[in-house]
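Presented below is the structure to which this report refers.
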Amino acid sequence: MSSNDNNNREYWKANLSLLAKLLTLWFIVSFGFGIIMVDWLDQFSLFGFKLGFWFAQQGAIYVFVALIFIYAWRMKALDRQFGVGDDEDQA
Amino acid sequence: MSTQMLTYLFVGLSFALYIGIAIWSRASTTKDFYVAGGGVHPMVNGMATAADWMSAASFISMAGIISFIGRDGSVYLLGWTGGYVLLALLLAPYLRKFGRFTVPDFIGERYYSGAARIVAVVCLIFVSFTYVAGQMRGVGIVFSRFLEVDVSTGVIIGMAVVFMYAVLGGMKGITYTQVAQYCVLIFAYMVPAVFISIMITDNPIPQLGFGSEVNDGSGLSVLQKLDAVLLDLGFSAYTEGSKSTIDVFAITAALMFGTAGLPHVLVRFFTVPKVSDARLSAGYALAFIAILYTTAPAVASFARLNLVDTVHNTPYEQAPEWFGNWENTGLIAWQDKNDDGIMQYGAGVALSPAKPAFTEQTGTHGQRLLENKPTAVANELYIDRDIMVLANPEIAGLPGWVIALVAAGGVAAALSTAAGLLLVISSSISHDLLKKTLLPKITEKQELLYARLAAAVAVCIAGLFGIYPPAFVAQVVAFAFGLAAASLFPALLLGIFSKRANKEGAISGMLVGLIFTFTYIVYFKFAAPELNTAEFWLWGISPEGIGTIGMILNFVIAITVSRLTSKPPQSVLELVDNIRIPSGAKAATHH
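Sequence lines, in order, name chains A and B. If you count by this note's numbering, then the first sequence holds residues 1270 to 1360, one letter each, in order. If you count by this note's numbering, then the second sequence holds residues 11 to 601, one letter each, in order.
What follows is the structure in structure tokens.
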């Protein structure tokens, strides 16, 4: 096995572990806070909203946007670290 | 200038802009036509994706639906935004690295099979056509109310405009037109939302406004007041759900995974220069979408409160002007059950059958009389959900130019989505069906001609759907997501993340997912609609949510069958290794 293959395998592992973390957050804010725990969270209040209702109709969406930008930023760093980035490619 | 004139002016100017862009960005190669040359800036692509994504359903119907079902409406908000996280993290960068023209292209190459490609084309055409019919209908509604032309004339004008820029410009024309359309539609959505938020709560930011106190001195927040008012009228509270948790879960999941599997959205990520651009572009797309999607629930609650305040216990003769305008279009109806001349609004269906059928006469108060029989409930009003966004500026008494702007925005939302859908239909026919399957010998020039022809034919079929809508169109659009989730999403995901997934697994998985979901929907919606209640559903999951089960079935079958049959060939394993790393991605190329 060449070192190149090994490098790419490590890159893929790092990618998968980042995906697992971000998708866990994705699940918690939408299916967790917005659906499964919504009634329990509704006893708390935020900016005049019931908390569960706020997550279901506002909060989860803000978290989604943040998750994608965090992913793009972390992956860019991983691309550089493993030397598999696309910076030199022609646009 | 009258509102009517302003509307003609705004819609006319926006059309001139779209056609101007189409002429400026004419496509000259198949690469231009399919993927806009592959050099679109990620933020531009994000904006175009947002316009592509936000259809007449998002612009016109979504806030209206949420307005009437309250917290249960969260399924649309979560489902139609959460899918972008899956798209950005699991599919878009890898499909961009793969770097071809269409979604069936990926399935065909990855599963080394013409049959898999054709199955993907069938899924794509089914999903896209059900979707596009609804868009043309949206154009028709806007035209008939605001420009007072016939629905058919409206559809034909809309078709002509889409024809101009989709057939001439292909993806290139569509991309730059969609950027313009995004600006028109988001401005048109936000202006009335901000005005209404100030009117009700003094807070100019709608996202905060619907949690703020109502400025009527009651000391209640918008949502608290809405809960109290609705309970008083016999509805359930706005911030409480009535669907079961498992059904909400399944519907949300079907919409999310369906979003990630929609071909007309995926293909937009083929247009950016690099893999890292595709990731970033998905983030921009969702940010642009979130502006509308976080405003919609605010608009929904303001509109409901406004509606109850304005119509309940108001004598018909003192009803505001907009009430009569929308009564004329047949989207509002009033039946004076207790003969007091006053409109009573409350829970329950007012008419039997539920949709109003007008006689030609008017009653003693000037209202349009109905053929429908009254029902036993006290509610006297029929209000179509679709009017909530369109009528909102009038309900709030905003100036004529805001109303004209909303009309232009509604048309922009419908046209931009229709164009994106027509493009994936035509490219899957000219590229996947003709070039890659039936007529492999055609030159690039011929392929481009076929692509234009296919786009032209698709525009005409879509227009016919708009003029003669099959009765089931509105219902079917929501199911497009379940079908996309159950058929395309698993094949795409496994194609990237599993090296073991092979042709036998992918084809059997797609077919089982598609057929299971399709049968379940047809059975409960069309074959035996009288059984369409929770007690007969599989595990209490409605036809809207069944795509989630279809998707799980697809995954299980694809993985099991792949394990029992032979490994994919070495060249495919190398392809998978290649798409997993970003370096070496050129702009989408022709093979």
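Just so you know, even glycine gets a beta-carbon here, dropped at the ideal spot from N, CA and C. No experiment lies behind these values; they were computed from the predicted model shown.
C-alpha distance - residue i paired with residue j, whole-angstrom precision
{"i": "residue 318(B)", "j": "residue 207(B)", "result": "16 Å"}
{"i": "residue 497(B)", "j": "residue 528(B)", "result": "10 Å"}
{"i": "residue 575(B)", "j": "residue 513(B)", "result": "9 Å"}
{"i": "residue 1358(A)", "j": "residue 284(B)", "result": "Confidence at residue 1358(A) is low in this model, with a pLDDT of 48, below 50, so its placement is unreliable and no value can be given for it."}
{"i": "residue 259(B)", "j": "residue 292(B)", "result": "24 Å"}
{"i": "residue 1318(A)", "j": "residue 171(B)", "result": "43 Å"}
{"i": "residue 304(B)", "j": "residue 1326(A)", "result": "7 Å"}
{"i": "residue 341(B)", "j": "residue 397(B)", "result": "7 Å"}
{"i": "residue 375(B)", "j": "residue 331(B)", "result": "14 Å"}
{"i": "residue 19(B)", "j": "residue 1292(A)", "result": "47 Å"}
{"i": "residue 56(B)", "j": "residue 439(B)", "result": "26 Å"}
{"i": "residue 73(B)", "j": "residue 312(B)", "result": "10 Å"}
{"i": "residue 349(B)", "j": "residue 379(B)", "result": "13 Å"}
{"i": "residue 468(B)", "j": "residue 435(B)", "result": "7 Å"}
{"i": "residue 199(B)", "j": "residue 27(B)", "result": "19 Å"}
{"i": "residue 599(B)", "j": "residue 1311(A)", "result": "Low confidence applies to residue 599(B): its pLDDT is 46, below 50, so where it sits in the model is not reliable enough to give any reading."}
{"i": "residue 1331(A)", "j": "residue 1298(A)", "result": "10 Å"}
{"i": "residue 106(B)", "j": "residue 1351(A)", "result": "20 Å"}
{"i": "residue 432(B)", "j": "residue 41(B)", "result": "17 Å"}
{"i": "residue 1348(A)", "j": "residue 1356(A)", "result": "9 Å"}
{"i": "residue 344(B)", "j": "residue 246(B)", "result": "22 Å"}
{"i": "residue 589(B)", "j": "residue 1340(A)", "result": "18 Å"}
{"i": "residue 31(B)", "j": "residue 54(B)", "result": "15 Å"}
{"i": "residue 333(B)", "j": "residue 388(B)", "result": "20 Å"}
{"i": "residue 217(B)", "j": "residue 1316(A)", "result": "10 Å"}
{"i": "residue 307(B)", "j": "residue 48(B)", "result": "36 Å"}
{"i": "residue 1285(A)", "j": "residue 60(B)", "result": "27 Å"}
{"i": "residue 142(B)", "j": "residue 187(B)", "result": "18 Å"}
{"i": "residue 461(B)", "j": "residue 441(B)", "result": "8 Å"}
Extent of the continuous alpha helix (DSSP H) to which residue i belongs
{"i": "residue 210(B)", "result": "161-211"}
{"i": "residue 120(B)", "result": "113-120"}
{"i": "residue 534(B)", "result": "Taken as a continuous stretch (DSSP letters only), residue 534(B) belongs to no alpha helix (DSSP H), as it is neither H nor E."}
{"i": "residue 276(B)", "result": "273-276"}
{"i": "residue 29(B)", "result": "13-34"}
{"i": "residue 284(B)", "result": "Residue 284(B) -> no alpha helix (DSSP H), and no H or E assigned at all."}
{"i": "residue 56(B)", "result": "52-63"}
{"i": "residue 137(B)", "result": "124-152"}
{"i": "residue 347(B)", "result": "Neither: residue 347(B) is in no alpha helix (DSSP H) and is coded neither H nor E."}
{"i": "residue 43(B)", "result": "40-45"}
{"i": "residue 575(B)", "result": "Run containing residue 575(B): none; DSSP gives neither H nor E here."}
{"i": "residue 335(B)", "result": "331-339"}
{"i": "residue 102(B)", "result": "102-108"}
{"i": "residue 590(B)", "result": "580-590"}
{"i": "residue 77(B)", "result": "73-79"}
{"i": "residue 83(B)", "result": "That residue, residue 83(B), is in no alpha helix (DSSP H); it is neither H nor E in DSSP."}
Neighbour-count burial assignment, residue i, 16 or more Cβ in a 10 Å radius
{"i": "residue 1274(A)", "result": "exposed"}
{"i": "residue 104(B)", "result": "buried"}
{"i": "residue 1295(A)", "result": "buried"}
{"i": "residue 583(B)", "result": "exposed"}
{"i": "residue 561(B)", "result": "buried"}
{"i": "residue 553(B)", "result": "buried"}
{"i": "residue 336(B)", "result": "buried"}
{"i": "residue 15(B)", "result": "exposed"}
{"i": "residue 125(B)", "result": "exposed"}
{"i": "residue 120(B)", "result": "buried"}
{"i": "residue 548(B)", "result": "exposed"}
Where the beta strand (DSSP E) through residue i begins and ends
{"i": "residue 342(B)", "result": "342-344"}
The region 362-380 of chain B in contact with the region 409-426 of chain B per 3-pair CB rule at 8 Å:
These segments do not touch.
Please confirm if the region 517-524 of chain B is in contact with the region 562-571 of chain B, defined as three or more CB-CB distances below 8 Å between the two stretches.
Look at the beta carbons and you see the region 517-524 of chain B touching the region 562-571 of chain B: at least three pairs across the two are nearer than 8 Å.
Whole beta strand (DSSP E) elements within the region 373-402 of chain B, 3-residue minimum:
378-380, 391-393
With three or more beta-carbon pairs closer than 8 Å as the criterion, would you say the region 22-39 of chain B touches the region 179-194 of chain B?
Proximity of the region 22-39 of chain B to the region 179-194 of chain B meets the contact definition, three or more beta-carbon pairs being nearer than 8 Å.
Validate contact between the region 136-148 of chain B and the region 11-19 of chain B using beta carbons, cut 8 Å, 3 pairs
no
If we count Cβ pairs, one from each stretch, closer than 8 Å, do we get three or more for the region 234-253 of chain B versus the region 54-72 of chain B?
No: the two stretches stay apart, fewer than three of their Cβ pairs being nearer than 8 Å.
With a floor of 4 residues, list each alpha helix (DSSP H) that falls wholly inside the region 410-494 of chain B, ordered by position along the chain.
For the region 410-494 of chain B, whole alpha helix (DSSP H) runs of length 4 or above, ordered along the chain, are 410-437, 454-477.
Do the region 188-198 of chain B and the region 418-432 of chain B make contact, defined as three or more Cβ pairs closer than 8 Å?
Per the Cβ contact rule, the region 188-198 of chain B is in contact with the region 418-432 of chain B (3 or more Cβ pairs under 8 Å).
Decide yes or no for the touch test of the region 259-278 of chain B against the region 75-93 of chain B: beta carbon pairs closer than 8 Å, at least 3 of them.
They touch, by the three-pair rule.
Counting only runs of 4+ residues fully inside the region 1292-1342 of chain A, write out the alpha helix (DSSP H) ranges in chain order.
1307-1310, 1320-1323
Counting only runs of 4+ residues fully inside the region 201-268 of chain B, write out the alpha helix (DSSP H) ranges in chain order.
216-219, 232-242
Mind the definition here: the region 441-452 of chain B touches the region 215-227 of chain B only if three or more C-beta pairs lie below 8 Å; say whether that holds.
no
Cβ pair count under 8 Å reaching 3, the region 1341-1349 of chain A against the region 153-162 of chain B:
no
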